[in-house]
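Chemist: Take this structure first; my questions come after.
Given below as structure tokens:
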């Protein structure tokens, strides 16, 4: 994805002078904004003036990470105060609120007397869906996420474990191969292909879940949406209206390809639903559940292209987010200076649990992989997808966040999640990848004591105020149980079946605006174990 071609970035740099002109307009408009900005320190601006403001916005393209770290130290930590983070994403600033109010804000009802907040707008604008999906009902009435909430909770994981275990085995054999000789592959790309295939098996069943044309088109679509969204957000809103439709063309190309492949099977599933078939005649997969949910919302939703677009809209967070975490977990683990120690402990756990359960094809066996869970959770902590996250927009009234600061309608807030994850007051040696960080205190305990302390375990699926990759509170990721189970099966499979080495220097992480750039070109050497 990022870094495959740098032409968009080069083109962006070439338009800086044009952006300065536009940003002056943004500054003049910002002077008419609510007085909340006069009560907040804006990071990156040493004094007032439209040129300093314009320069701070322009610099945010490559300096958001630096800005956020400065604000976190000076205000979030030292004074327990919010700060203003300038960004071309909104054309002004986002209010970065301190972690001390995280629990209260993210567990409160969205709508209260005097104020209403939402997380939807920030999510939509992160990847700029309106420029890719022409039907707003797809993302404003997200019925596909209703399916995730109803059918993919913790209690449903036993339905998926055997299927994903089978698909992971076949996918790795096909994509990574079975040769016992060393070979070099693209780690990011091939990890993504395995996850894409496993996810689409769950969504579409067989044989469509293994359709190579759909697998490739959907993977490229997800990548194009994320890349396109990141580039669009580097332009201020006024300029975005001009350039975004052009940037979105690549994603729309793959979107159309996916829709054309999906329409025949969706029409078949709509027919099955309308015929009222039962039992073994009804496929038991995400697509059929989605058809049923759509029908409850109204017969107008039983439209094959619209359902296809719902599936594709879900592919972006499902495929990209899980691919991002899974690929980073592999790179972080095998790139660690302590990898031999970690692998020894992981291999022992995987072998023991697999042998006791005749494989890793039940939810109970996968749940018992505590070291594997800790490894992935730790990778999620050190390899964040974004600098700030957990957006909340005030969409009516105003929100009092304390210290005399009131957030009015139309202002976006976020939390400094990356800095929270790397805070030395919370995590010892926070920049070090420690695969067993979350499991070490349970090592050596007898089985009875472990059961007594089970609720104390911090797992991938356990959001806390210091672990936020999957959200927190009312809007924590509803698909986190499926994602965690699938990633644990995938990493355990690699540990038990492959030798892996990283090629080249350690990954150096950089940010484009608010998004961390993944190591899409990272090469790894692999061979099948004897």
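Numbering (full-length UniProt numbering), first residue to last: 1 to 530. We treat Cβ as the ideally placed atom computed from N, Cα and C, and that holds for glycine.
1) Which ranges would you report for the beta strand (DSSP E) in the stretch 87–161 if only whole runs of at least 3 residues count?
2) On the premise that residue 145 lies in contact with residue 478, defined as a C-beta separation below 8 Å, what is that separation, rounded to the nearest angstrom?
3) Specify whether the stretch 350–367 and the stretch 306–319 touch according to this definition: at least 3 beta carbon pairs, one from each stretch, less than 8 Å apart.
4) Quick one, are the C-beta atoms of residue 251 and residue 225 less than 8 Å apart?
5) Tell me the DSSP secondary structure of residue 390 in three-state form.
6) Quick one: using the 10 Å Cβ neighbour count with 16 as the cut-off for buried, is residue 297 buried or exposed?
7) Please report how far the alpha carbon of residue 18 lies from the alpha carbon of residue 45, in whole angstroms.
8) Please report how far the alpha carbon of residue 277 lies from the alpha carbon of residue 288, in whole angstroms.
9) So, is residue 300 buried or exposed, given that buried needs 16 or more other C-beta atoms within 10 angstroms?
10) Taking its Cβ as the centre, do 16 or more other Cβ atoms sit within 10 Å of residue 29, making it buried, or is it exposed?
11) Just verifying my parser: in three-state terms, what is the DSSP assignment at residue 526?
12) Does the beta-carbon of residue 236 have 16 or more other beta-carbons within 10 angstroms, so that it is buried, or is it exposed?
13) If you reduce the DSSP assignment to three classes, tell me which class residue 498 lands in.
14) Compute the Euclidean distance between the alpha carbons of residue 72 and residue 181, then round it to the nearest angstrom.
15) Which partner residues of residue 186 appear in the DSSP bridge assignment?
16) So who's on the other strand from residue 412, going by DSSP bridges?
17) Output the residue ranges of the alpha helix (DSSP H) runs that lie fully inside the stretch 300–371 and measure 4 residues or longer, sorted by chain position.
18) Which residues mark the beginning and the end of the alpha helix (DSSP H) in which residue 472 is found?
19) If you follow the alpha helix (DSSP H) that residue 211 is part of, which residue opens it and which one closes it?
20) Counting pairs of Cβ atoms below 8 Å between the stretch 470–477 and the stretch 106–115, do you hit three or more?
21) By Cβ distance, which residues of its chain are closer than 8 Å to residue 118, with the 5 residues on each side in sequence left out?
22) Does the beta-carbon of residue 482 have 16 or more other beta-carbons within 10 angstroms, so that it is buried, or is it exposed?
23) Tell me, to the nearest whole angstrom, how far the beta carbon of residue 294 is from that of residue 143; I am working on the premise that it is less than 8 Å.
24) What residue from 179, 150, 195 and 185 has the CA that sits closest to residue 171's CA?
25) Would you tell me roughly how many angstroms separate the C-alpha atoms of residue 189 and residue 519, rounded to the nearest one?
26) Which residue comes first and which comes last in the alpha helix (DSSP H) that contains residue 238?
Modeler: Reading off the structure:
1) Those beta strand (DSSP E) runs which fall completely within the stretch 87–161 and span 3+ residues are 92–96 and 115–118.
2) As a working mapping, residue 478 is identified with position 478 in the chain shown. As a working mapping, residue 145 is identified with position 145 in the chain shown. Contact holds; Cβ gap of about 7 Å.
3) no
4) The residue given as residue 251 occupies position 251 in the chain shown. The residue given as residue 225 occupies position 225 in the chain shown. Contact: yes.
5) Position 390 of the chain shown holds residue 390. Residue 390 falls in the strand class under three-state DSSP.
6) For the purposes of this step, residue 297 is taken as residue 297 along the chain shown, with counting starting at 1. Under this definition residue 297 is an exposed residue.
7) Here the question's residue 18 lines up with position 18 in the chain shown. Here the question's residue 45 lines up with position 45 in the chain shown. Summary for residue 18: the model assigns pLDDT 45, below 50, so the residue's position carries little reliability; its value from the coordinates is reported in the next sentence. One C-alpha to the other measures close to 20 Å.
8) By one-based count along the chain shown, residue 277 stands at place 277. By one-based count along the chain shown, residue 288 stands at place 288. Those two C-alpha atoms are separated by around 12 Å.
9) For the purposes of this step, residue 300 is taken as the residue at position 300 of the chain shown. With a threshold of 16 other beta carbon atoms within 10 Å, residue 300 falls short and is exposed.
10) Your numbering for residue 29 matches position 29 in the chain shown. Because residue 29 sits at a pLDDT of 48, beneath the cut-off of 50, its placement in the model cannot be relied upon, and the following sentence gives the value as read from the coordinates. Exposed: under 16 other Cβ atoms inside 10 Å.
11) Here residue 526 refers to the residue found at position 526 of the chain shown. Here residue 526 sits in strand by DSSP.
12) Residue numbering aside, residue 236 sits at position 236 when the chain shown is read from its first letter. Buried, because 16 or more other Cβ atoms sit within 10 Å of the Cβ of residue 236.
13) Looking up residue 498 in the chain shown gives position 498. Three-state DSSP puts residue 498 in a strand.
14) Numbered from its first residue, the chain shown carries residue 72 at position 72. Numbered from its first residue, the chain shown carries residue 181 at position 181. Residue 72 and residue 181: Cα-Cα distance of roughly 48 Å.
15) As a position in the chain shown, residue 186 is number 186, starting the count at 1. In the DSSP output, where bridge partners are listed per residue, residue 186 has 523.
16) Position 412 of the chain shown holds residue 412. Residue 412 pairs with 393.
17) 304–315, 322–334, 339–357 and 363–367
18) Indexing the chain shown from 1 puts residue 472 at position 472. No alpha helix (DSSP H) contains residue 472, which DSSP labels as neither H nor E.
19) Here residue 211 corresponds to residue number 211 of the chain shown, with the count starting at 1. Per DSSP, residue 211 belongs to no alpha helix (DSSP H) and is neither H nor E.
20) A contact between stretches requires three or more CB pairs, one per stretch, nearer than 8 Å, and the stretch 470–477 meets this requirement with the stretch 106–115.
21) Looking up residue 118 in the chain shown gives position 118. Excluding sequence neighbours, residue 118 sits near 110, 392, 393 and 395.
22) By 1-based counting over the chain shown, the position of residue 482 is 482. Residue 482 comes out buried.
23) Working through the chain shown from its first residue, we reach residue 294 at position 294. Working through the chain shown from its first residue, we reach residue 143 at position 143. Under the criterion of beta carbons closer than 8 Å, residue 294 and residue 143 qualify as touching, at roughly 6 Å.
24) Here residue 171 is taken as the residue at index 171 of the chain shown, counted from 1. Closest by alpha carbon: 195.
25) Numbered from 1 along the chain shown, position 189 holds the residue referred to as residue 189. Numbered from 1 along the chain shown, position 519 holds the residue referred to as residue 519. Computed Cα separation, rounded: 10 Å.
26) By 1-based counting over the chain shown, the position of residue 238 is 238. From DSSP, the alpha helix (DSSP H) with residue 238 extends over 237–247.
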